[in-house]
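**Q** I have a structure here, written as structure tokens, and I will follow up with some questions on it.
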Amino acid sequence: MAGQPFRLALNAGKTLAFAHVFWDYYYACGPASGPSMLPTFEIAGEYLVADKNYRLGRGVAVGDLVYYKIPIFPKASGIKRVVGMPGDFVLFNNPDSQKDMMIQVPQGHCWLVGDNLEASRDSRLYGPVPLALIGGKVVARALPLSGDKWLKNGLRDVQEDHK
Numbered sequence: 001m002a003g004q005p006f007r008l009a010l011n012a013g014k015t016l017a018f019a020h021v022f023w024d025y026y027y028a029c030g031p032a033s034g035p036s037m038l039p040t041f042e043i044a045g046e047y048l049v050a051d052k053n054y055r056l057g058r059g060v061a062v063g064d065l066v067y068y069k070i071p072i073f074p075k076a077s078g079i080k081r082v083v084g085m086p087g088d089f090v091l092f093n094n095p096d097s098q099k100d101m102m103i104q105v106p107q108g109h110c111w112l113v114g115d116n117l118e119a120s121r122d123s124r125l126y127g128p129v130p131l132a133l134i135g136g137k138v139v140a141r142a143l144p145l146s147g148d149k150w151l152k153n154g155l156r157d158v159q160e161d162h163k
């Protein structure tokens, strides 16, 4: 029985080390807040899981949800939908301007937009986002416990109708 406290401490240390590696290198979990992603996410009360294997934009595609560091607020992060990758042309419809224009997303960047355009501060405000600011791809809802858990890219390939 003399070794039991040591064994307990050792197991606790292993568990903490595993949790540290898991959350720092593989996954992140955090709340969704604000109206910019309505109706995909509620204003409050949802916790999301992001896969960090997609950080720096690796494997991210148009239609994916990503979490990223906001370029104009470096200590803040956000969740947005990818609508353009390097080389893609996107419609830049700045809410503060009456003029729309097409722009090409530069290499090493992506174009991010919230699902609720009227309430979203996104690439329309601060331009293309460097892929280096992508922290991961949002893959699941952790809370609430009801409803769909896994989040998938809803875009589908266009198929011609040959009738």
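One point on numbering: in UniProt numbering, the residue at position 143 of the sequence shown is 143, and numbering is uninterrupted. Backbone N, C-alpha and C define an ideal beta-carbon position, used for all residues, glycine too. Since the structure is predicted, the reported quantities are computational estimates derived from the model, not experimental observations.
1) Can you name the residues that DSSP bridges to phenylalanine 89?
2) Work out the CA separation of arginine 55 and lysine 149 for me, nearest whole Å.
3) By the DSSP assignment, the alpha helix (DSSP H) with proline 5 in it spans what residues?
4) How many whole angstroms separate the CB atoms of asparagine 153 and aspartate 51, which I take to be in contact at a CB cut-off of 8 Å?
5) Determine the contact status of glycine 78 and isoleucine 72, defining contact as a CB-CB distance below 7 Å.
6) Assuming arginine 141 is part of the beta strand (DSSP E), what are its boundary residues?
7) Between Asn53, Gly59, Ile43, Ile103, which lies nearest to proline 114 when the distance is taken from Cα to Cα?
8) So alanine 142 packs on valine 49, CB below 8 Å; how close in whole Å?
9) Find out if the Cβ-Cβ distance for the pair valine 83, tryptophan 111 is shorter than 7 Å.
10) Quick check on tyrosine 25: buried or exposed, where buried means 16 or more other Cβ atoms within 10 Å of its Cβ?
11) Between the alpha carbons of lysine 99 and leucine 38, how many angstroms are there, rounded?
12) Thinking C-beta only, is lysine 80 closer than 7 Å to aspartate 122?
13) Quick one: what does DSSP say lysine 69 is sitting in, helix, strand or coil?
14) Taking Cβ to Cβ, would you say alanine 119 is nearer than 7 Å to proline 35?
15) Near asparagine 93, what residues of its chain come up, given a Cβ to Cβ distance below 8 Å and the 5 sequence neighbours on each side ignored?
16) Could you tell me the distance, in whole angstroms, from the CA atom of aspartate 157 to the CA atom of tryptophan 23?
17) According to DSSP, is serine 33 part of a helix, a strand, or is it coil?
**A** For this structure:
1) Gln104
2) 21 Å
3) 4-21
4) With 8 Å as the limit, asparagine 153 and aspartate 51 do not qualify as a contact, their Cβ atoms being about 13 Å apart.
5) no
6) 134-143
7) Before going further, note that residue 114 is glycine rather than proline in the sequence given. Nearest C-alpha to glycine 114: Ile43.
8) 5 Å
9) yes
10) exposed
11) 25 Å
12) yes
13) strand
14) yes
15) Asp100, Arg124
16) 34 Å
17) coil
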